[in-house]
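Inspection log for the structure reproduced underneath, given as structure tokens.
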Amino acid sequence: MPIQIYNSLTNRKETFVPLKPERITMYVCGPTVYNYIHIGNARPAVVFDTFARVLRLFYPQLDYARNITDIDDKINNAAHTAGEDIGTYSARYTEAYRKDMASLFNLPPTVEPLATEHIDVMVELIDNLIQRGFAYAAEGHVLFDVAAMPDYGKLSKRKTEDMIAGARVEVASYKKNPMDFVLWKPSVEAHEPGWESPWGYGRPGWHIECTAMINKHLGPTIDIHGGGADLMFPHHENEVAQGTCCHSEEHEYVRYWMHNGMININGEKMSKSLNNFITVHELLESYPGELLRLALLSGQYRSLLNWSDDLLNQSRMTLDRFYGALRDTATLPEVDAPDLRETPVVQALCDDMNSPLAIAELHGLVSRIYQDDTTNEDKAKLRAELIACGRVLGLFNYTPVQWFQELSAQDNAVTPEQIEALIALRTAAKKAKDFAEADRVRAELDAAGVEIQDTREGTRWQWK
1 MPIQIYNSLT NRKETFVPLK PERITMYVCG PTVYNYIHIG NARPAVVFDT
51 FARVLRLFYP QLDYARNITD IDDKINNAAH TAGEDIGTYS ARYTEAYRKD
101 MASLFNLPPT VEPLATEHID VMVELIDNLI QRGFAYAAEG HVLFDVAAMP
151 DYGKLSKRKT EDMIAGARVE VASYKKNPMD FVLWKPSVEA HEPGWESPWG
201 YGRPGWHIEC TAMINKHLGP TIDIHGGGAD LMFPHHENEV AQGTCCHSEE
251 HEYVRYWMHN GMININGEKM SKSLNNFITV HELLESYPGE LLRLALLSGQ
301 YRSLLNWSDD LLNQSRMTLD RFYGALRDTA TLPEVDAPDL RETPVVQALC
351 DDMNSPLAIA ELHGLVSRIY QDDTTNEDKA KLRAELIACG RVLGLFNYTP
401 VQWFQELSAQ DNAVTPEQIE ALIALRTAAK KAKDFAEADR VRAELDAAGV
451 EIQDTREGTR WQWK
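Residue 165 in full-length UniProt numbering is what sits at position 165 of the sequence shown, and the numbering runs on without skipping anything.
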């Protein structure tokens, strides 16, 4: 099945045809590291990590870049308020981001460029735009001349007056047009970082950073550019302008644009003013990273996702079911998984990353494992397919024992060692025919949130 992508540039689903099948290029906008990332920042990382896993099944090489913005006014202000050096401040939150991404079981991208390591590339790119007549210097600033690009706005498809309102543009003396956006700006305050340039001591604008890093690491034309829908305008619109005009008006900067939907918290837009701003760092203190990952994949990536306790509880029940099937088939012999490209799970992911359907197909594999007429040989095959397909989604990073006993114990007062001791006490009571004591112990375990199952192999337990 060919890979289908909903292209935000054309507003339709298209068959993915790479520029060079031997080397796929994909760039995803990463975070601005002025604090711990929130759960909305994690969605594109998880979505495009999953998509990268799919692409690697079909193509021999994927060059995947996910940048880190470590120079920005938000960082400058936060570091200044904290009384810290900007480099030290951003490095701390860069490391926190990487740790959070690993905890969500995202594989490292091919390259993770830092904006501050590409100032020379940005200066060269800005100078190129000036020479080509698409940018101009004024009062220590360099700005992109929007009027010089006739089809500016083709990605977001907004009218000029709507774009002005949406961008909250600054009407400044050095601008020819209110829509012109900053490529370079002067650093005048002592706490503002800066670099020498042909236009004076200053620092880059936000938009030029991604274009420079794409050109440096992936090339002038890339296959896929991903990011949140909130970045379509002005950030990605301005990227199109820069990335096109630094070559020619007919140049193709990005072939397929993919934008993931936003996250609401209990039905409301996530906002610090509403006090519903949730960081991944906080969530990982209470939930396994795999559970958060599944929750992020539970909705179609282009749709709004409502983050709630119900979503987290449903994700836990789903993983309990999956890991339960792996536990119940653990004694079966290992067999080779089928060709993943032909499986219903991967075919669902090939259809514009339909992760809800892919998860439903995993449920289908589990249901077949538990059918009465399924032979052990077939169960072994189904188990192998379940594991292999689940790992395309970034799941099954734990053993069933870890999942049911260790990870689920995070918020429980009773420890796994205490549970095992109570189970041993109950087993001894049953052997002594002291059924009242056995029932008492079972009730104590039940009150502690522990579910036990008596099987031929012994007593199993898991958190409810």
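Glycine included, C-beta positions come from ideal geometry on N, C-alpha and C.
Take residue i and list the residues in its own chain whose beta-carbon comes closer than 8 Å to its own, dropping the five residues that flank it on each side.
i	result
Thr-459	Ile-423, Arg-426, Thr-427, Ile-452, Gln-453
Thr-50	Leu-297, Leu-349, Met-353, Ser-355, Val-392, Leu-393, Gly-394
Gln-61	Glu-22, Arg-23, Ile-24
In three-state DSSP terms, what is residue i?
i	result
His-38	strand
His-259	strand
Gly-202	strand
Lys-366	Checking the displayed sequence, the identity of residue 366 turns out to be Val instead of Lys. Reduced to three states, the DSSP call for Val-366 is helix.
Leu-114	strand
Ala-135	strand
His-225	strand
Ile-126	helix
Gln-402	helix
Glu-451	strand
Val-33	coil
Asp-336	coil
Met-232	helix
Asp-120	helix
Thr-343	coil
Asn-264	strand
Ile-68	strand
Lys-272	coil
Thr-15	strand
Val-171	coil
Asn-397	coil
Count the other CB atoms within 10 Å of the CB of residue i; is the residue buried (16 or more) or exposed (fewer)?
i	result
Lys-157	exposed
Thr-32	buried
Thr-455	exposed
His-251	exposed
Asn-11	exposed
Met-317	exposed
Leu-304	exposed
Ser-273	exposed
Asp-310	exposed
Pro-113	buried
Ala-82	exposed
Thinking just about the alpha-carbon of each residue, which of the options is nearest to the one in residue i?
i	options	result
Ala-388	Val-346, Gln-405, Trp-403	Val-346
Val-401	Phe-134, Asp-434, Met-1, Ala-330	Ala-330
Glu-209	Ile-68, Asn-35, Arg-23, Arg-391	Ile-68
Val-121	Asn-76, Asn-106, Leu-292, Lys-216	Lys-216
Val-182	Thr-279, Phe-48, Ala-190, Ala-172	Ala-172
Met-101	Ala-438, Leu-283, Glu-417	Leu-283
Asn-76	Arg-66, Thr-88, Ala-65	Thr-88
Ile-130	Glu-139, Phe-144, Gly-140	Phe-144
Gly-205	Leu-231, Phe-277, Ile-126	Ile-126
Ile-369	Asp-351, Leu-340, Asp-328	Asp-328
Asp-339	Met-26, Phe-58, Leu-19	Phe-58
Gln-242	Ile-214, Asn-41, Asn-306	Ile-214
Ala-138	Asn-266, Leu-292, Met-262, Gly-200	Gly-200
Val-319	Leu-292, Arg-302, Arg-341, Ser-8	Looking at the sequence itself, residue 319 is Leu, so the reference to Val does not match. When only C-alpha atoms are compared, the closest one is Leu-292.
Pro-198	Glu-189, Lys-185, Glu-192	Lys-185
Val-47	Asn-238, Arg-302, Met-149	Arg-302
Ala-448	Arg-341, Asp-434, Trp-463	Trp-463
Gln-300	Ile-263, Arg-132, Ile-278	Ile-263
Ala-135	His-236, Lys-175, Ile-278	Lys-175
Leu-9	Lys-20, Glu-196, Asp-85, Met-258	Met-258
By Cβ distance below 7 Å, which residues in the same chain neighbour residue i in space, the five residues on each side in sequence not counted?
i	result
Leu-332	Asn-376, Lys-379, Ala-380, Arg-383
Leu-362	Phe-322, Val-345, Leu-386, Cys-389, Gly-390
Ala-96	Tyr-36, His-281
Tyr-64	Met-26, Ala-52, Pro-109, Thr-110
Terminal residues of the continuous alpha helix (DSSP H) containing residue i?
i	result
Phe-322	309-328
Val-392	376-392
Thr-427	416-431
Thr-244	237-245
Pro-291	Before going further, note that residue 291 is Leu rather than Pro in the sequence given. From DSSP, the alpha helix (DSSP H) with Leu-291 extends over 289-297.
Val-146	Per DSSP, Val-146 belongs to no alpha helix (DSSP H) and is neither H nor E.
Glu-282	280-283
For the beta strand (DSSP E) containing residue i, name the first residue and the last one.
i	result
Pro-186	181-186
His-80	Here His-80 belongs to no beta strand (DSSP E); instead the alpha helix (DSSP H) covers 73-82.
Arg-460	458-463
Tyr-89	Counting along the chain, Tyr-89 falls outside any beta strand (DSSP E), though it belongs to the alpha helix (DSSP H) covering 86-103.
Ala-190	Premise fails: Ala-190 is in no beta strand (DSSP E) and is neither H nor E.
Gln-4	4-7
Excluding the 5 residues flanking residue i on each side, which residues of the same chain have their C-beta closer than 6 Å to its C-beta?
i	result
Ala-115	Thr-69, Asp-70, Ile-71, Glu-209
Leu-450	Reading off the sequence shown, one finds Val at residue 450, where the question assumed Leu. Same-chain partners within the cutoff: Ile-419, Trp-461.
Val-254	Ile-222, His-225
Thr-343	Cys-389
With a cut-off of 8 Å, does the C-beta of residue i fall near any C-beta of chain B?
i	result
Val-240	The chain labelled as chain B is not found in the depicted structure, where only one protein chain is given.
Is any non-hydrogen atom of the ligand GDP found closer than 7 Å to the C-beta of residue i, if you look at the structure I gave you?
i	result
Asp-310	Only the bare structure without any ligand can be found here, which leaves the ligand GDP out of the picture.
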